[in-house]
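Those sequence lines, one after another, are chains A and B.
For the first sequence, the positions run 1090 to 1342 when the working numbering is used.
For the second sequence, the positions run 10 to 416 when the working numbering is used.
Data block below; observations after.
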Amino acid sequence: MTGLLNINNLHASVGGSQILKGLTLNVGAGEVHAIMGPNGSGKSTLSYVLSGREGYKATQGSAAIDGQDLLSLSPEERAYLGLFLAFQYPLEIPGVTNMTFLKTALNAVRRGRGEDELDAAQFLRLVREKAASLGMRDEMLKRPLNVGFSGGEKKRNEVLQMAVLEPRVAILDETDSGLDIDALKTVSEGVNAMRGAGRSFVVITHYQRLLDYIKPDVVHVMAQGRIVDSGGPELALKLEKSGYADYVERVDA
Amino acid sequence: MHSGQNISSRVDLALSPLLVEKRIAALAHAEKLGLPTKRLEAWHYTDLRQLLKDTDIKAHQNEAHIGSEIAISSPYYIELKAEEIIVSPELMASDAITISPLLENETYLASIDEIDAMAAYNLALFDGGYAIEIHSTLAQPLVLRYSAGQHVRQKLNIASGVFVELVEILDTEQYINLVMDTELESGAKLQHTVVQATGSVVSLNRILLGDHAQFNKNIICATSRVARHDVQVSLCGVGAHAKLNGIIVAQAKAHIDLTSTIRHQSGDTSSATLIRSIIADDARAVFQGKICVDRDAQKVEAEQNSNALLLSDRAAMNAKPELEIYADDVACAHGSTIGEIDRAALFFLRSRGIGAEEAITLLLQGFVSEVLEGLENESLQSFVQHFLTERLSHIDVSQINSEDKQS
């Protein structure tokens, strides 16, 4: 087994029904893998099982980052190990400013990784620099987390969190949903700026469009809780034309 | 509470015959009624007779006072201690303010009749308290600090156009029965903040607002015992505005009752009420909020919101919003929610590396912070923030159903 993220024969259930049915996926360091698939194929479930959301239980199989088991860890411990989930629907948290949230998160992650916390001045410098590179105004940092943010601003804010927390494996769960073309470009540029030898991405999406901006190394098709096909970027183009019908029938047969 | 004793022996007789008579009558009235029970509509959720029997008098251990490191300071203060009342020299010397013992104010006392038992007890037995008249704007807050239990009555008058910040700190294990009558003349503005850290308190605050007067009241209550804060606002003058903010942090076996009546007696008046309650352990919080709009009070805007978070299976909240509207051109809205910690938000924070305990504290601080924004004075805001952070840190987060428990 090679790769930074190794998922092997993963089974998971939600509310008693089996959603993931033996999913295997290996993502090498520095690689970007796209997962496409029809509604209900289990893509978001995969992201929640990996990040440890309550109610999303792995029943069989394994998932590890760099050989270290993820499934037995709390959500925060997974973050220390380098996992990051960019949410499909980022939450609004009234009363907690973006800045306070980012500082609390960064220092918690740094503690968890055995690094020193940043003081207020160091943090401010860091977050301002990262925010500026994403075209975010200072004012957005002072507002309560995601409250009153547009869809694009929320997604940009997710990328800012990713840039601040510097994960090793980032899962982008339908980051393109609700974005206009300009926001899609900005968000993609933010992600592309973070691509590098040590960091892997799993990009979950319905549409080929996002993959024009974030170019994947490998494209997987997910159906009925499993990876049913894998290929190069050309696979995404093919899906755009033919849809998922073939795969759904193949699994059902 | 003292039944069986001779009534006249308990009333201070070194007063004018009129007052002695008044106080004896008040005590007889109070004794006849006895401590309020839930049979009374206004006390439906707060059976004081039962609650005080359970938790009063006996010294209470482990009650956290406000630490000296998070004090609010001002040269203008009055401190009511067990043996003495200290009035700061700056306050005595100030031209902006006149204070005199309320017991010497015969005009006021002659005009007062108390129907409610607690207020009648107070009228009969109070010995601390002042008639405070503020003639011009004070540069710093007036701080009233209660460090001993007793019946206290204050009468506060703010002259036309004057702005005052008043901070009351209730921090004693003993039982306090407090009555305050406040009057804001036209254009006066009062920012009144009450912080109850410990002890059992029954408080009644009646406020009259003249034309364009503004009254902002903030009640921050985090005692682990019994509290009843009753606020009765009368918007008598055109253009008057009242804002009531409340933060309740109820832990252990606390019973915290916030009751408000906001009466719009004049047109073009407005009011806004926002109460946020965090209830943990075996505690209970009560919010009874009544908005009345008189027949001739047109163009009134009134808004009321109460939101509560229950942190344990045993915690309880009673919310009773009431609207009584007789005018036809008004905009009144009320909303009440009772919920739990938002699990999706909790997961989101944890997925960003913030541990469960720290994430819960962050969510709780966020929950109350919108109310804190109503505090205009920065040093006061920071004082209240520190106080609440300290109180919230006492909450045992293991009572919140965690995913580990559920799975």
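The beta carbon of each residue, even a glycine, is placed where N, CA and C say it ideally should be.
C-alpha distance - residue i paired with residue j, whole-angstrom precision
i	j	result
D122 of chain B	E331 of chain B	26 Å
I95 of chain B	V1236 of chain A	47 Å
E25 of chain B	A35 of chain B	Looking at the sequence provided, one finds Ser at residue 25 of chain B rather than Glu. The alpha-carbon atoms of S25 of chain B and A35 of chain B are separated by roughly 15 Å.
I1096 of chain A	L1174 of chain A	16 Å
V377 of chain B	E113 of chain B	41 Å
Q59 of chain B	T202 of chain B	29 Å
K1244 of chain A	Y1296 of chain A	17 Å
S1222 of chain A	M1283 of chain A	12 Å
I33 of chain B	S269 of chain B	29 Å
Q149 of chain B	C301 of chain B	34 Å
L1300 of chain A	K1110 of chain A	26 Å
Q70 of chain B	S233 of chain B	At Q70 of chain B the pLDDT is 47, less than 50, meaning the model places this residue with poor confidence; the figure from the coordinates comes in the next sentence. Taking the straight line from one Cα to the other gives about 11 Å.
L42 of chain B	A140 of chain B	28 Å
F1238 of chain A	V406 of chain B	30 Å
S109 of chain B	L147 of chain B	18 Å
S97 of chain B	G364 of chain B	46 Å
V342 of chain B	R1288 of chain A	According to the sequence shown, residue 342 of chain B is Ala rather than Val. Approximately 52 Å, taken between the alpha carbons.
E177 of chain B	A236 of chain B	15 Å
V435 of chain B	E1165 of chain A	Absent from the structure is residue 435 of chain B, since the part of chain B shown begins at 10 and ends at 416.
V1248 of chain A	V1276 of chain A	7 Å
L1324 of chain A	S1266 of chain A	21 Å
C230 of chain B	V258 of chain B	6 Å
L27 of chain B	L397 of chain B	46 Å
Neighbour flag for residue i against chain A, beta carbons, 9 Å
i	result
Q374 of chain B	yes
S402 of chain B	no
E367 of chain B	yes
I257 of chain B	no
L213 of chain B	no
L24 of chain B	no
A281 of chain B	no
A354 of chain B	yes
G362 of chain B	yes
F357 of chain B	yes
D421 of chain B	Since the first residue shown for chain B is 10 and the last is 416, residue 421 of chain B is missing from the structure and cannot be characterised.
Q70 of chain B	With a pLDDT of only 47 at Q70 of chain B, under 50, the local geometry of the prediction cannot be trusted, and no value is derived from it.
Residues bridged to residue i (per DSSP)
i	result
K226 of chain B	B:H201, B:L253
G298 of chain B	B:S269, B:P330
H160 of chain B	B:N186
H238 of chain B	B:S212, B:L267
A1259 of chain A	A:F1173, A:F1290
V1308 of chain A	A:A1123, A:G1320
E312 of chain B	B:A281, B:A342
CB contact below 9 Å: residue i versus chain B
i	result
R1288 of chain A	no
T1264 of chain A	no
Q1369 of chain A	Past the edges of chain A, shown from 1090 to 1342, lies residue 1369 of chain A, and the structure says nothing about it.
Q1250 of chain A	yes
P1305 of chain A	no
S1133 of chain A	no
F1176 of chain A	yes
R1167 of chain A	yes
G1156 of chain A	no
L1324 of chain A	no
L1254 of chain A	yes
P1233 of chain A	yes
S1239 of chain A	no
S1140 of chain A	yes
S1163 of chain A	yes
F1212 of chain A	no
Contact belief for residue i with residue j at Cβ below 8 Å, rounded distance in angstroms
i	j	result
S1102 of chain A	K1146 of chain A	6 Å
I271 of chain B	D180 of chain B	Between D180 of chain B and I271 of chain B the Cβ distance is about 28 Å, and since that is not below 8 Å, they are no contact.
D266 of chain B	Y54 of chain B	6 Å
A324 of chain B	D290 of chain B	7 Å
R1214 of chain A	E1206 of chain A	No, R1214 of chain A and E1206 of chain A are not in contact; Cβ-Cβ is about 14 Å, not under 8 Å.
L1230 of chain A	V1253 of chain A	The Cβ separation is near 11 Å, so there is no contact.
G170 of chain B	A197 of chain B	6 Å
A370 of chain B	S402 of chain B	The identity of residue 370 of chain B in the sequence shown is Thr, whereas the question assumes Ala. Rounded, the Cβ-Cβ distance is 7 Å, consistent with contact.
C-beta neighbour in chain D for residue i, strict 9 Å
i	result
S1319 of chain A	Looking at the structure shown, chain D is missing, and the protein chains on hand are A and B.
Interfacial residues, the stretch 369-398 of chain B to chain A, with Cβ spacing under 8 Å = Answer in chain order: L371, L372, Q374, G375, F376, V377, S378, E379.
Determine which residues of the stretch 91-104 of chain B have a Cβ less than 8 Å from any Cβ of chain A, and write them out in chain order.
-> If the cut-off is 8 Å between Cβ atoms, the stretch 91-104 of chain B has nothing near chain A.
According to a CB-to-CB cut-off of less than 7 Å, which residues of the stretch 124-136 of chain B neighbour chain A?
-> So nothing in the stretch comes that close.
Return the residues of the stretch 202-233 of chain B that lie within a Cβ-Cβ distance of less than 7 Å from chain A, sorted by chain order.
-> Here the close residues number zero.
When Cβ atoms are compared, which residues of the stretch 316-332 of chain B fall closer than 9 Å to chain A?
-> Taking 9 Å as the upper bound on Cβ-Cβ separation, chain A lies near no residue of the stretch 316-332 of chain B.
Where the stretch 1092-1121 of chain A meets chain B: residues whose CB sits under 8 Å from a CB there = For the stretch 1092-1121 of chain A, there are no residues whose beta carbon sits under 8 Å from a beta carbon of chain B.
Could you name the residues of the stretch 1180-1202 of chain A whose beta carbon sits closer than 7 Å to any beta carbon of chain B, in the order they occur along the chain?
-> Taken in chain order, the members of the stretch 1180-1202 of chain A whose beta-carbon sits within less than 7 Å of a beta-carbon on chain B are L1180, I1182, P1183, G1184, V1185, T1193, A1194, A1197, V1198, G1201.
For the stretch 290-302 of chain B, which residues have a beta carbon sitting closer than 7 Å to at least one beta carbon of chain A?
-> Residues of the stretch 290-302 of chain B that bring their beta carbon within less than 7 Å of a beta carbon in chain A are absent altogether.
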